[in-house]
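Working notes, beginning with the structure itself.
In my numbering, the protein residues as written are 231 to 413.
What follows is the structure, given as structure tokens:
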């Protein structure tokens, strides 16, 4: 089994630094539902495809780590020296982006964002909205409206990590059913 895993791993582990704990939880679910191994502790890095940590817990330049995506409120942007490929911010904010990173955005108001929610409305179990990215639209149902922003962050990160849009919307739609079945 170990040999198969090492052959399948073509890229270094990717670091995802997500400040919003709910977005991190959703992203972990999305990645794991696609068969990726996700670690939340740098000590687990050798066995993981992704290292998912809060921005304040990033490891010092770990060997074999690709700095993929950073999502934070901008409080610590100046102090981050890691070469992230993407810096995710809410579209409406004017937060500075980490030097060298591409700005990617999410929004519940603006179709100019890379990922945004539109047609937000209540349904019998919670809230329904259309998730749009790059002209592709998918319907997503969540338990509560507060879950939209974390879902957008998770969707944006997953899409930037190469997860197909349809799989992202499918996984997000599984989450309310999982919580109802556990409740």
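Virtual Cβ for every residue (Gly too), placed ideally from N, Cα, C.
Beta carbon of residue i nearer than 8 Å to that of residue j
i: residue 322; j: residue 285; result: no
i: residue 414; j: residue 287; result: Here the chain covers residues 231 to 413 and nothing more, so residue 414 does not appear.
i: residue 357; j: residue 395; result: no
i: residue 345; j: residue 359; result: no
i: residue 325; j: residue 347; result: no
i: residue 257; j: residue 282; result: yes
i: residue 387; j: residue 246; result: yes
Euclidean distance between Cα positions of residue i and residue j
i: residue 243; j: residue 267; result: 10 Å
i: residue 289; j: residue 276; result: 13 Å
i: residue 316; j: residue 354; result: 36 Å
i: residue 414; j: residue 301; result: No answer is possible for residue 414: the residues shown for the chain start at 231 and end at 413.
i: residue 375; j: residue 253; result: 14 Å
i: residue 405; j: residue 330; result: 34 Å
i: residue 319; j: residue 389; result: 15 Å
i: residue 368; j: residue 278; result: 29 Å
i: residue 262; j: residue 299; result: 17 Å
i: residue 255; j: residue 392; result: 18 Å
i: residue 259; j: residue 334; result: 21 Å
i: residue 350; j: residue 364; result: 19 Å
i: residue 373; j: residue 403; result: 10 Å
i: residue 378; j: residue 251; result: 13 Å
i: residue 280; j: residue 352; result: 34 Å
i: residue 332; j: residue 314; result: 8 Å
Assigned secondary structure, residue i (DSSP; H/G/I helix, E/B strand, else coil)
i: residue 374; result: coil
i: residue 252; result: helix
i: residue 239; result: With a pLDDT of 43 at residue 239, under the threshold of 50, the modelled position of this residue cannot be trusted, and the question is left open.
i: residue 303; result: coil
i: residue 357; result: strand
i: residue 364; result: coil
i: residue 244; result: strand
i: residue 297; result: strand
i: residue 379; result: helix
i: residue 314; result: coil
i: residue 369; result: strand
i: residue 278; result: coil
Counting beta carbon pairs with one atom in the stretch 338-349 and one in the stretch 380-387, are three or more of them shorter than 8 Å?
yes
Can you confirm whether the stretch 387-406 touches the stretch 268-276 when touching is taken to mean that 3 or more C-beta pairs between the two stretches lie within less than 8 Å?
no
For the stretch 317-352, list the alpha helix (DSSP H) runs that are entirely contained and at least 4 residues long, ordered along the chain.
none
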